[in-house]
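Residue numbers (this note's numbering): 41 to 161.
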């Protein structure tokens, strides 16, 4: 990642876009501030800036979701907005899904792998 990576985006939008944060973020500003600070400290985010650092930039909305089991809040970035806007396609709509698909391993998959490896593996 230090040398960059292929984002899978072939047509990079050439118009700036700023989108408001999701309702979940606006309702929980303390959590958002804390989580953004954590991401900044880890080097996962850059900024804040007094003025845009690039000619073409995009500010996608952030939101909060609650983890299913721990109930901890976590930060999300909505890369699906805007919807159906030919002048500002969403980041997700620009990624060729067949080259960059993701699927999660299930508990059943893990059990099957353990059974295939056998005892003592």
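Glycine included, C-beta positions come from ideal geometry on N, C-alpha and C.
Candidates the options: closest to residue i by CA position
| i | options | result |
| --- | --- | --- |
| residue 93 | 56, 104, 46, 140 | 56 |
Where residue i falls: helix, strand or coil (DSSP)
| i | result |
| --- | --- |
| residue 43 | coil |
| residue 95 | coil |
| residue 113 | strand |
| residue 134 | helix |
| residue 145 | coil |
For residue j and residue i, believed in contact at Cβ under 8 angstroms, the rounded distance
| i | j | result |
| --- | --- | --- |
| residue 115 | residue 58 | With a Cβ gap of about 18 angstroms, residue 115 and residue 58 do not count as contacting. |
Beta-carbon contacts of residue i that lie in its chain and below 7 angstroms, excluding the five residues immediately before and after
| i | result |
| --- | --- |
| residue 82 | none |
| residue 128 | 53, 55, 57, 122 |
| residue 51 | 134 |
Residues near residue i by beta carbon distance below 6 angstroms, same chain, minus five either side
| i | result |
| --- | --- |
| residue 171 | There is simply no residue 171 to check, as the chain begins at 41 and stops at 161 in what is shown. |
Own chain partners of residue i with C-beta closer than 8 angstroms, once the 5 adjacent residues on each side are dropped
| i | result |
| --- | --- |
| residue 101 | 59, 60, 61, 62, 65, 117, 118, 121 |
Report yes or no: do three or more beta-carbon pairs, one from the region 62-69 and one from the region 142-161, lie closer than 8 angstroms? No, the region 62-69 is not in contact with the region 142-161.
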